[in-house]
Structures are given as C-alpha cells and as structure tokens.
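Written out below as structure tokens is the structure these notes cover.
Protein chains: 2
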Amino acid sequence: MLLPVFLNLSGERFSVTYQIDSDKDTVHAKVQNLAIEQTVEFPPELIPDDDIKNKIIGHVESLVKIGEHTYEATISYAEEITGYELVQLLNVILGNSSLLVGIRVEQLDLSWNLLKAFKGPRFGRAGLRELLGIRDRPLLCTALKPLGSPTQTLAELAYQFALGGIDIIKDDHGLANQTFAPFFERVQNCATAVARANRETGYHCIYAPNISAPADKLFAYARFAKDYGAGALMVSPGLIGFDAMRVLADDDSIALPIIYHPTFQGFLSSGGTIGFSHFVQYGQFARLAGADASIFPNQGGRFAYTREDCIRIAEGTMTPMDSIKPIFPMPGGGMLSHQLDGLLDLYGKEFILLIGGGLHRLGPDLVENSRLFRQRMEQL
Amino acid sequence: MLLPVFLNLSGERFSVTYQIDSDKDTVHAKVQNLAIEQTVEFPPELIPDDDIKNKIIGHVESLVKIGEHTYEATISYAEEITGYELVQLLNVILGNSSLLVGIRVEQLDLSWNLLKAFKGPRFGRAGLRELLGIRDRPLLCTALKPLGSPTQTLAELAYQFALGGIDIIKDDHGLANQTFAPFFERVQNCATAVARANRETGYHCIYAPNISAPADKLFAYARFAKDYGAGALMVSPGLIGFDAMRVLADDDSIALPIIYHPTFQGFLSSGGTIGFSHFVQYGQFARLAGADASIFPNQGGRFAYTREDCIRIAEGTMTPMDSIKPIFPMPGGGMLSHQLDGLLDLYGKEFILLIGGGLHRLGPDLVENSRLFRQRMEQL
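Sequence lines, in order, name chains A and B.
Going by numbering that gives the first Met the number 0, the first sequence opens with residue 0, and the numbers climb by one from there.
Going by numbering that gives the first Met the number 0, the second sequence opens with residue 0, and the numbers climb by one from there.
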C-alpha cells in the first residue's frame, strides 16, 4: 500500500549541462535515461505518484546537436533533491551515470538557494592577495621535495625559499606521515623556518602542509597545523572527498586558505566523454568545496593538458557563482622558466605559479633561484 | 645546505602492475617517469642523496609487451613511503599519474606488513552468511526507492520486502537527508519495519541505510543507524573517500557490515587505459577499505560492463590478500528475472543479487514478488 505523495517543491530548479556521445536515433532515450538514473533510478511507468514522476525526475530542458555524434543536453533538477548538501549535490550531478561512457558534465548552473547553502572559498583571489600583501603581480609557490628527505632538510629548504621571496611554500603532495619527516614534526619545523625567514625579509610567505591524514584525524591534523603556524592547507579531495575539503574550509577555528590538489582525481576529467569538464572540476567543484586556489597541470609540462584546457580552467575559477568567490588557477606540473611568458596570455596576472623542479634546475643556490623567479613575477 | 640522508628502509617492497599504452621507442621513458612521478616527483639528477635515488624512486621490476602498443609494467615501492596509511597508499599507487592517459593500474601485490596495517572487511563472505543465517545460496538484496517517497512509504516497502524474504534491504543511493524522508526519521522507521517483519517470519533480514552525510557528520549518522537497529551501512567512497569507508568499517562501536556503492566513481575504471582495473576498484580497494560487499553493474543491465569485467570483479573480491577476507560481489544495475541463470555461471553461489526495478515489474504484490525471487535463489 503505497501512500500518496504531496511533494512541496517550492524551490527553484538548477541545471546541469552534459555532453552526450550518441547517434541521432538513440540520443533522446539516452538523455531521458540520464534524467531518470540521476534521480529516481526506477522505471517511470511503475511510479504511482505523478508528483514524483513530474517533479523528481530531471527535466530535459534542451538537446542540441553540436557534432556528428555529439549532443549537448541540459537537464534541470529540483534543488530539494540535493538536501542542500555537497555530497548529494555531486551525486545528483553525475552519480550512477559516472559508470556510463559518452556522458560528460560540462557546466553547472546552480540556483540561488543552492549556492547560498555553500560558503565557498573563505579568501578567494582578493582575500589571498590581502593575506600575502601582494597587490598586482602573479603569486609564486613552490613545493618541499623530494619524498624521503628528513624534516631538517625540508625545513632548511622552506627557509631558503622564503628568504628568496617565494609567497607560498607547500608540502609535496606525497609528504604524508612517513617516518622520514612525520607530519607533526614537519609542520612545526617548516612553519618555524618560514616565520624566521619572514622576520628577516619582511615578506608574508606562508607554509601550506599537506593534510592527507586518515579520515578520523583530518581535523586534528588541520588544527595542529593552524596552531603551529601553518598559513594555508593543501588538500587532495580525490583522496579524502570534496566534502571533507569543504568542512576544513568552513571551520572558523581553522580559517586558513585551502589549496586544492588533483592527485588521485585525474580520471574525473580524463579527456574522453566521461566524468567532468576541467571547467567543472578545477573551477566550479573546487569553489563549492571551499578551495582558494586550484592546482592543475599547465600546458607544456609533464602532463597532456592543452591550451584550451587551461583557458577553460581559468574560466571555471572565476565564472559568476553568486557569492561564491573567484579563486586562483595554480598552473604547475613541470614548467620551465622559459614558459613563463605564455602564462600572462592565458591567465593575465591572476594566477599562482607552482614551480617545482624548475626552481632547482637554475643552479645550487636556492635563495638566489627564488629571487630570480620573484623578480620575473614582479616584472610580468 | 642539504643534510645527508640515511634511510632505514628495512621493510619489504610492494608491487603495482600497470598497463601502459605506448610505442616501443617511448615505453621505457614512460615507465621510468611513472616510477618517479609516483614517488619523488623530482628530477633524479638533482637529488643529491643516493638513498633517495635508489630506494625511494620506484623500481621498474618488469616490462613486457602484451599488445601492439600495449605493455605491462610492474613497479615496486618501499612500503615505508605509504606511511602504512590507506590515503597515502592510494596516492602512491596512482596519484599524480591519474592525470595521465595511457596508464591503468591492473593489480596490487601488497607486502605482508602493509596488508597487516589494514583490518579489511569485518565480516567478509563467511561473516555475512553467519549474520544472515544463510549457508549455501546466493543472497538477495533490494533497494528502497524511488527518491521523493515519504518515510512511511519507504518503511512500508521495507516491511513488505522483508516479509517476502529479501535478505538485505538498502536505501537507494540517492536517499540522503532530503525533506521527503529525512535520514534520522527514515532509519528509525525502516529499521523498525524490518524488525517487525523478522518477528513474523523468523528470518534475519537487515536494513542498510545510505551513509552519505557531510564529512563532519558521518560518524554521528553511522552511530545513530547502529543505535536504531540498522543491520549494515551502505557507503559511497566516490563521494566521501575510501578512507572514510575504512574508518566506518574499523569502528568497533559500530561493527556493522559495509556495502560499497560505486556512485560518483565510475571514472575510476571507465574502460580506457586510465585509472584502475575493475579487479582493483571493486575487489582490492573495496577490501582494503573494509567493504563486505561490492555493488557493480552486472553485464546485460543498464550499464556497459562486459562478462569479462564481471569475472575480473569476482576474482578481485576473493584473490588472496593475506588476512584481508574475501567479500561478496553484488551485481545489480537493472537486471531482469530471466538473467538470473547466468549469474551462477559467473559467480557460483557466492554473490548477492541486487534487484531493484525488476522486483516491481513482476506485479503489484511486492511480498509475493519477493517470495518468488527468494524461491529462485533457493532453487539455484
């Protein structure tokens, strides 16, 4: 005996634009099935209630042919089905349908109420510039590496980079809690080293440890980092979930900038018609989950991202999303110093350059190398 | 001034087998770069310490041509670089290299110490059979749906399914904390309905709510579910992270079976040479992260998984991993009753059939439909 349903869905609908690989004959069924799979997951003809059939199943708002076997479909959903929570919002956008090939999420157009449910980046571009005291040049970041180095070596590296004028010094994403440089010891020593350099230079360099702790220790790690002088946190949502990043960003007792690292998440936007566009992953998702900067592989580095990919990422970091602030694109991934000129073209001055090995290649004096990079940034 | 490193790496090495798409001319460089990218992420020629160069960078143990442009490479890593934690283990296996195409993780061969660091499934196949009192037939699971139904309807469905002899009744993966059927109300009512049916039937049916709470409420949700009579938990690590699933599985105050749902995680094994094999995702990862059963789309359903995919999944659920127990494959995804016969071929009697819409298609009497399915299971 199923009870009748009287659904009070007075909120707005939000929209998701999908790219669909399909032939003309099957595209309508494919898109309709997507609207069902992401909501009721149930044969519509067996649903007794018109309210569920008419309001809960996604509405196909448009379907446009954009290539020989490629379509663009926009589906709208009642915002209530997300419960106004990030976990379920992600699930509605591409949950079970992530198991299908030939479907990729291109763009989110979220409703006002839904956007209001998220704080988004605490700092964003303007807040991070203010924190670092840098008005109008690109920001400069490097990473402590290689894995296997003891804490004292990493702290000494941090000191030299900070002395040379690097703005943000982050852990390499593989520095976790290994015996070589355990998390608590590393954070204390590196934060102290950066503070010492700041006293000598008058700069506002910050240290961003890698928060990739076990799920039940994340907040303890983040609070420790805050208490011992970390100036930002680097988080890998591929490993710990987008929502854990959001919680760390939202926590007023931590209140540090968040740097999004894409490790273990490349499959989200691997290039085929599957998963998400770079625009959504590095831009819209990163911002909904509270990141202030989004690391991605720049064109021309070790990874196969194209110029077009990078442009779309930059757009995603600043596309209007009501009160959700724009954030910094943070290109990295094996760039060399001669590639810097192309960055202005792509990002204007609104980016954070993540330079790793390239900083070491210039010669043995890392303080001097850092100064050279900073000068380049100031001359851009 | 970098300090010398004296790395005491007395543990064993563990191995990861990758499939690599490459030409003959570039394959050696590609595999060597993979071994670097997953560890030091740094130009080896700039590393002053031989210990880091020789012990931290992955060792290419073998490289075999298996197709015209396809190779199989095995890389071994020092177990210490994982910190013996799941988050960093996943990161070493395919962190940054998830951003590359043409690399897929095929299989893990973990060292004894590393496996010992994980409890794995609390119940596994044998424990779940004992809990449900079912010795030698396949298990039967269905889902409460559709999204939009009020709590009373879902509880009534749960009652009817349990009365008809379904073994496990789970939330649909889209049931979160929406106003239609809020989490706490739903869990209480559905667990109570299943308990009432069990008193009438003498069966041991269990209810598995969907634990897809915000990251800071996961444990509160799981403990509530435990306290109010849930018999298992369904978890989607694509949304909350594999390690959060592990923590829920490991918690002795919860101590419930864990059902792994692959929503928002299809891109992990999307079929191309990227991400992971089904064997690793649904088998080895699920078990390391404490799942007792692994939901995946069976061949012939709404998703494009092949017979070969399903065989590899089944193998992954039981391949020897020292003390990490074998778990149940849980094929679902739009199967119809006439497809049941093929399941024995694929899985023997060691599977949990997840039947959703198919249970409703048989007619309006859900108790009777459930009885029919149970009879089919008993006759297999």
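The beta carbon of each residue, even a glycine, is placed where N, CA and C say it ideally should be.
Could you name each continuous beta strand (DSSP E) segment of 3 residues or more that falls completely within the region 3–46 of chain A, going from the start of the chain to the end? Listed in chain order, the beta strand (DSSP E) elements of length 3 or more contained wholly in the region 3–46 of chain A are 12–20.
Which residues in chain A have a C-beta closer than 9 Å to the C-beta of S360/B? List them in chain order. Correcting the residue type first, residue 360/B is Arg in the shown sequence and not Ser. Per Cβ cutoff of 9 Å: P42, L45.
Whole angstroms are fine: how far does the CA of Y259/B sit from the CA of G123/B? 12 Å
From the DSSP output, read off the bridge partner residues of M329/B. I294/B
Where does Y227/A fall in DSSP's three states? coil
Would a C-beta distance cut-off of 7 Å place C140/A and L353/A closer than the cut-off? With a cutoff of 7 Å on beta-carbon distance, C140/A and L353/A are scored as near each other.
Would you give the residue range spanned by the beta strand (DSSP E) that H58/B belongs to? 58–66
Around the Cβ of R12/B, are there at least 16 other Cβ atoms within 10 angstroms (buried) or fewer (exposed)? buried
Contact under 7 Å by Cβ, F327/A with A292/A: yes
S110/B and G10/B look like a contact to me (Cβ under 8 Å); what is the Cβ gap, rounded to whole Å? 7 Å
Close beta carbons around A214/A, own chain, < 6 Å, minus the five adjacent residues each side: Correct list: empty, nothing qualifies.
Taking the alpha carbon of L174/A as the point to measure from, which residue in I165/A, D166/A, R185/A, G164/A has its own alpha carbon closest? R185/A
Grouping DSSP H, G and I as helix and E and B as strand, with all else coil, what is R373/B? helix
Quick check on Y38/B - is its C-beta less than 7 Å from some C-beta in chain A? Here residue 38/B turns out to be Thr, not Tyr, going by the sequence shown. Chain A contact via Cβ: present.
For C309/A, report the span of its alpha helix (DSSP H) as first-last. 306–317
Please report the distance separating the alpha-carbon of K64/B from that of Y70/B. 4 Å
Can we say the region 32–40 of chain A touches the region 146–159 of chain B, given the rule of at least three CB pairs closer than 8 Å? yes
Close beta carbons around R311/B, own chain, < 7 Å, minus the five adjacent residues each side: S276, H277, F278
Using the Cβ count rule (16 or more neighbours within 10 Å means buried), how would you classify E199/A? exposed
Within this structure, are the beta carbons of G332/B and R306/B separated by less than 7 Å? no
So which residues of chain B does Q87/A contact, with C-beta pairs closer than 7 Å? A175, S211
Q280/A - partner residues in DSSP beta bridges: BP columns for Q280/A are empty, so no partner.
Restricting to Cα atoms, I'd like to know which of T81/A, L358/A, S235/A, S97/A is closest to T178/B. When only C-alpha atoms are compared, the closest one is T81/A.
In angstroms with no decimal places, state the Cα-to-Cα distance between M0/B and E155/A. With a pLDDT of only 44 at M0/B, under the threshold of 50, the placement of this residue in the model should not be trusted; the figure read from the coordinates follows. Straight through space, the alpha carbons of E155/A and M0/B are spaced by roughly 8 Å.
Within the same chain, show all residues whose beta-carbon is closer than 8 Å to that of D22/A, passing over the 5 residues directly before and after it, in chain order. H68
Comparing alpha-carbon positions, which option in L287/B, F182/B, T318/B, S269/B lies nearest Q87/A? Nearest neighbour of Q87/A by Cα position, chosen from L287/B, F182/B, T318/B, S269/B, turns out to be F182/B.
Residues in the same chain with beta-carbon distance under 6 Å from G299/A, minus the five sequence neighbours each way, listed in chain order, please. Only Q338 meet the Cβ criterion.
How many Å lie between R195/B and Q374/B at the Cα? 22 Å
Should F13/B be flagged as near chain A, meaning a C-beta pair shorter than 7 Å? no
Measure the C-alpha to C-alpha separation of L379/A and S268/A and round it to an integer number of angstroms. Near 31 Å, if we compare the C-alpha coordinates of S268/A and L379/A.
When we look at the beta-carbon of N368/B and count the other beta-carbons within 10 Å, is it buried (16 or more) or exposed? buried
List the residues that DSSP assigns as beta-bridge partners of I74/B. V15/B, V59/B
Quick one: list the residues of chain B neighbouring I253/A, beta-carbon separation under 7 Å, in chain order. None at all; the shortest Cβ gap to chain B is about 12 Å.
Can you tell which of E78/A, I35/A, N95/A has its C-alpha closest to the C-alpha of P261/B? N95/A
Is there a Cβ from chain B that is less than 7 Å from the Cβ of D171/A? yes
Using a Cβ cut-off of 7 Å, pull out every chain B residue sitting near Q264/A, in sequence order please. S97
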